[in-house]
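Q:
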Amino acid sequence: MQQSDFFESVFQVVKLIPKGRVTSYGAIATYLGAKKSSRVVGYAMNASHTIPGIPAHRVVNRNGLLTGKMHFGTPTRMQELLESEGVQVEKDTIVGFHDLFWDPSVELAL
DNA sequence: ACGCTGACGTAAC
DNA sequence: AGTTACGCCAGCG
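Sequential numbering from 0 applies to the first sequence in numbering that gives the first Met the number 0.
(1) Can you name the residues that DSSP bridges to residue 15?
(2) Any chance you could list the alpha helix (DSSP H) runs of at least 4 consecutive residues sitting entirely within the region 16-63, in chain order?
(3) CB residue 49 to CB residue 104, shorter than 9 Å?
(4) Can you say whether residue 68 is buried or exposed, counting buried as having 16 or more other CB atoms within 10 angstroms of its CB?
(5) Quickly, what does DSSP pair residue 6 with across the bridge? List them, please.
(6) Is it a yes or a no for the region 73-83 touching the region 28-44, going by three-plus beta-carbon pairs under 8 Å?
(7) Residue 85 to residue 22, Cα distance in whole Å?
(8) Work out the CA separation of residue 56 and residue 80 for me, nearest whole Å.
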């Protein structure tokens, strides 16, 4: 495997996201020290389809919007998974996103 | 081999 | 306050 060091790092962080918590692409990018590469983080998620154990549904954009929901096979799959973990989702947006936000640069820094 | 696009985010206008 | 442009990197036409 070893897609790219950046991809690999992203996958590691995503896999560390606790159940019932969510994070943003930018948060991961910033944690990796490349906040400008937030786009690449999202792109890494796309590659996560080829790798098992990547809860990509726990990763949303800065607005808490399920931008990648359409990539889960069904447009509602991502929302279903989040709600299944206790995350309230309304209109494809995570309710209380700021409260459920899991920042790797903070959580992993401890 | 070259260029466009794409699960984002920040800055500028 | 809303819209447009740019940066980043890899996959695909």
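Heads up, the beta-carbon is just placed ideally off N, CA and C, and yes, glycines get one too. Remember, predicted model here, so these are calculated numbers, not experimental data.
A: The short version:
(1) In DSSP, residue 15 forms no bridge with anything.
(2) Segments of the alpha helix (DSSP H) lying fully in the region 16-63: 24-30 and 37-46.
(3) No, the pair does not count as a contact, with Cβ atoms beyond the cut-off.
(4) With 16 or more other Cβ atoms from the protein chains shown falling within 10 Å of its own Cβ, residue 68 counts as buried.
(5) In the DSSP output, where bridge partners are listed per residue, residue 6 has none listed.
(6) At 8 Å Cβ cutoff, the stretches do not touch.
(7) Cα-Cα distance, rounded: 15 Å.
(8) Distance between the alpha carbons of residue 80 and residue 56: 7 Å.
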